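First the structure, in the form of structure tokens, and then the observations on it.
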Amino acid sequence: MMTPPPPPPVQPHALLVSTPFQGHINPLMRLGRRLAAKGVLVTFTTALRAAVRVEEDGDGDGHERAGFRFERLRGGGLWEPEDPRFSDAGDMARHVEAAGPAALKELIRREAEAGRPVTCVVTNAFVPWALRVAGEMGLPCGMLWIQSCALLSVYYHYVHSLAAFPEPDGDASGRSLLAIPGLPDLAMDDLRPLLIYASDQDMWREMLFADLSVIREKVSWVFVSTFDELEHEAVAALSEHLPVIPVGPLIKPEIGEIDGSSGDDGCIAWLNAQAPRSVVFVAFGSLVKTGDDETAEIAAGLASMGRPFLWVMRDDNRAVLFQGTLDGVTAATLCDRGKVVPWCRQAHVLAHGAIGCFVTHCGWNSTTEALAAGVPVVAYPRWSDQNINAKFLVDVYRLGVRAPTPVTREALHLSIEEVMSGPEAGAMGLRAASWKERARAALADGGSSDHGVQAFVDQIK
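Its first residue numbered 1, the sequence shown is counted upward by one per residue in full-length UniProt numbering.
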């Protein structure tokens, strides 16, 4: 009697659970697509409002493309997509935390009944309830950290009382130094904008610290949107405490991501008409609003330098600019010398050969996009992790200069000229080009980040 062949191995199935915000959804989707490319069945889920936006970009509920599926979190009292309360980020986060656990448990059960049992759950930060659900259902859990490994180390050392953090009001000079293994010394001015010093009642602080307080016990894999060559010392030091896996940079645009706009206002066509490395690109992210006086100084600085520029400006700032004159600078004058747009595909713009300098708020996505594109920077940080990122860009990687806050037209002009044509401009450009190659190598087959993703896949097979 012939022995029946063994059943085929069950395909590993990773369930990715995202907080419903664009800046968190896209990196987790990118990680998911890399897992799917290595043979893992990936199901991505988030709250209904964000889910509908992703579906509108091409991935419907239950649809599978190359091993990547999408399922809505539904039931459990979750709001309908058109609910106006979704317009407030705090309301949305509180609601999903309350209604999400029941919906996630139901989704995991549905997947098992459909013959697709979940092997592991991967979340991003600010979803502590998903960690709890995974633990209750006996599933190993991973977490994707979408900021720098340095910042994760700062928060981890604070939450677990592993370093002596300065008191926020104890150093008027802002120069007291914090020493954390694997990081340069950090001053109070670097730390002050972080959630460490937010109110104990701050919702985001509470959710983040809930994640980090149990990360050692409940998280089997800590994915970080960085690469080993970029933060080798920070990764090595934090790996003494956590199972850190660099998987970045997670910046390549993917099908089905939320873009926030359907076009680019002709940015690429305009850049095609500019000389190589001639354009100053100015973008401060979707969350940073500059005041009227600050907008006027930036406008005057750009208008005075005689270089082409592309300035991404929020609608509320654009309204001020186009209503009339900002201290002698008109919209017409600006548009004669550059291009002002409400939105662009930032990674695509940075990769264009016409870009010679990036004036940036130093959010982590912008930081890694600049590195991966090989573009020197004028750092203009404002809040959150941006001061620390600026410190690395300017002091550690030596890829640019830091503009004063608040910036003046003269200071902006001088900073841009220093990066574009100053004595160190050539060296900055060479270092930036080197980082571009290192980022590309990390993602290539067998590169450091590719190796980390493959090691995880091998563990869950």
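Positions of the beta carbon are idealized from the N, C-alpha and C atoms, including for glycine.
None of these values were measured; they are calculated from a predicted model.
Can L412 and G301 be called in contact, C-beta distance under 8 Å?
Translated into the one-based positions of the sequence shown, residue 412 becomes position 412. Translated into the one-based positions of the sequence shown, residue 301 becomes position 301. Yes; because the gap between Cβ atoms is below 8 Å, this pair is in contact.
Between S449 and the rest of its own chain, which residues show a CB-CB distance below 7 Å, the 5 nearest in sequence each way excluded?
Position 449 of the sequence shown, counted from the first residue, corresponds to residue 449. Counting only Cβ-Cβ distances below 7 Å, and skipping sequence neighbours, we find F227, P246, V247, G248, A442, L443.
Quick one: is E231 buried, meaning 16 or more other Cβ sit within 10 Å of its Cβ, or exposed?
Taking the first residue of the sequence shown as position 1, residue 231 is located at position 231. With 16 or more other Cβ atoms within 10 Å, it is buried.
Rounded to whole angstroms, what is the Cα-Cα separation between A439 and A351?
Translated into positions along the sequence shown, residue 439 becomes position 439. Translated into positions along the sequence shown, residue 351 becomes position 351. Near 13 Å, if we compare the C-alpha coordinates of A351 and A439.
Straight-line CA distance for A432 to I251?
Working through the sequence shown from its first residue, we reach residue 432 at position 432. Working through the sequence shown from its first residue, we reach residue 251 at position 251. Going from the Cα of A432 to the Cα of I251 covers about 17 Å.
What do you reckon, are the CB atoms on V312 and T295 nearer than 8 Å?
The residue given as residue 312 occupies position 312 in the sequence shown. The residue given as residue 295 occupies position 295 in the sequence shown. In this structure, T295 does not lie closer than 8 Å to V312 by Cβ.
Given a cut-off of 8 Å, decide if W364 and I146 are closer than it, judged by their beta-carbon atoms.
For the purposes of this step, residue 146 is identified with residue 146 of the sequence shown, where counting begins at 1. For the purposes of this step, residue 364 is identified with residue 364 of the sequence shown, where counting begins at 1. In contact: I146 and W364 (Cβ atoms closer than 8 Å).
Could you check what DSSP says for G260 in three-state terms: helix, strand or coil?
Counted from its first residue, the sequence shown places residue 260 at position 260. Because G260 carries a pLDDT of 46, less than 50, the predicted location of this residue cannot be relied on, and the following value inherits that uncertainty. Coil.
May I have the straight-line CA-CA distance separating L41 from F165, to the nearest angstrom?
Here residue 41 is taken as the residue at index 41 of the sequence shown, counted from 1. Here residue 165 is taken as the residue at index 165 of the sequence shown, counted from 1. Answer to the nearest angstrom: the Cα atoms are 43 Å apart.
I need the straight-line Cα distance from Q454 to G266, nearest angstrom please.
Your numbering for residue 454 matches position 454 in the sequence shown. Your numbering for residue 266 matches position 266 in the sequence shown. Roughly 39 Å separates the two Cα atoms.
So what's R34 in DSSP terms, helix, strand or just coil?
Residue numbering aside, residue 34 sits at position 34 when the sequence shown is read from its first letter. Three-state DSSP puts R34 in a helix.
Once DSSP output is grouped into helix, strand and coil, what is the label at W270?
Locating residue 270 in the sequence shown gives position 270, where the first residue counts as 1. If DSSP states are grouped into helix, strand and coil, W270 belongs with the helices.
Taking buried to mean at least 16 other C-beta atoms within 10 Å of its own C-beta, is V10 buried or exposed?
Within the sequence shown, residue 10 is the residue found at index 10, counting from 1. It counts as exposed.
Is it a yes or a no for the segment 369-383 touching the segment 397-407, going by three-plus beta-carbon pairs under 8 Å?
Touching, yes.
Could you check what DSSP says for M143 in three-state terms: helix, strand or coil?
Here residue 143 is taken as the residue at index 143 of the sequence shown, counted from 1. Note: M143 maps to strand in three-state DSSP.
In angstroms, rounded to a whole number, what distance separates the CA positions of A93 and V219?
Here residue 93 refers to the residue found at position 93 of the sequence shown. Here residue 219 refers to the residue found at position 219 of the sequence shown. Using only the alpha carbons, I get a separation of about 21 Å.
If you follow the beta strand (DSSP E) that I251 is part of, which residue opens it and which one closes it?
Locating residue 251 in the sequence shown gives position 251, where the first residue counts as 1. It is not in any beta strand (DSSP E) - I251 carries neither H nor E in the DSSP assignment.
If you draw a straight line from the C-alpha of I460 to the C-alpha of V288, how long is it?
Residue 460 sits at position 460 when you count from the first residue of the sequence shown. Residue 288 sits at position 288 when you count from the first residue of the sequence shown. Their backbone Cα atoms lie some 40 Å apart in a straight line.
Report all residues from its chain with a CB closer than 7 Å to the CB of A234; omit the five preceding and five following residues, and keep chain order.
What you label residue 234 is simply residue 234 of the sequence shown in a count that begins at 1. For A234, where only same-chain residues beyond five positions count, the Cβ hits under 7 Å are C149, A150, S153, G182, L183.
Which of the three DSSP states is assigned to F432 in this structure?
Translated into positions along the sequence shown, residue 432 becomes position 432. Here residue 432 is Ala; the residue named in the question, Phe, does not match the sequence. Looking at A432 - three-state DSSP - the assignment turns out to be helix.
Considering only the alpha carbon of each residue, which of G306, S366, A273, S384 lies closest to T333?
Residue 333 sits at position 333 when you count from the first residue of the sequence shown. Nearest of G306, S366, A273, S384 to T333, Cα basis: G306.
Do the CB positions of Y156 and H241 come within less than 8 Å of each other?
Locating residue 156 in the sequence shown gives position 156, where the first residue counts as 1. Locating residue 241 in the sequence shown gives position 241, where the first residue counts as 1. Contact flag set, yes.
Taking its Cβ as the centre, do 16 or more other Cβ atoms sit within 10 Å of N124, making it buried, or is it exposed?
For this step, residue 124 is matched to residue 124 along the sequence shown. The residue is buried, with at least 16 neighbouring Cβ atoms inside 10 Å.
Could you check if P276 is buried or exposed, using at least 16 other CB atoms within 10 Å of its CB as the buried criterion?
The count along the sequence shown starts at 1 and reaches residue 276 at position 276. By the neighbour-count rule (16 or more Cβ atoms within 10 Å), P276 is not buried but exposed.
If we ignore side chains and look at the alpha-carbon of each, how far apart do residue 464 and L144 end up?
Outside the shown range of the chain (1 to 461) lies residue 464, about which nothing can therefore be said.
Between E437, H451, V122, G356, which lies nearest to V419 when the distance is taken from Cα to Cα?
For the purposes of this step, residue 419 is taken as the residue at position 419 of the sequence shown. Of the listed residues, the one whose Cα sits closest to V419 is G356.
Please report the distance separating the alpha-carbon of residue 466 from that of A354.
Since the displayed the chain opens at 1 and closes at 461, residue 466 lies outside it and no answer follows.
Spatial neighbours of P404 within its chain, please: C-beta separation below 7 Å, excluding the five flanking residues on both sides.
The sequence position of residue 404 within the sequence shown is 404, counting from 1. So the qualifying residues of the chain are A411.
Using 8 Å as the threshold, is the C-beta distance between A47 and P20 below it?
Against the sequence shown, residue 47 aligns to sequence position 47. Against the sequence shown, residue 20 aligns to sequence position 20. The answer is yes: Cβ separation under 8 Å.
Which term fits P12, buried or exposed, when burial requires 16 or more other beta carbons within 10 angstroms of its beta carbon?
On the sequence shown, position 12 is the one that residue 12 refers to. Buried, by the Cβ-count rule.
Going by DSSP, which residues form a beta bridge with G446?
Taking the first residue of the sequence shown as position 1, residue 446 is located at position 446. Answer is none; G446 lacks a bridge partner.
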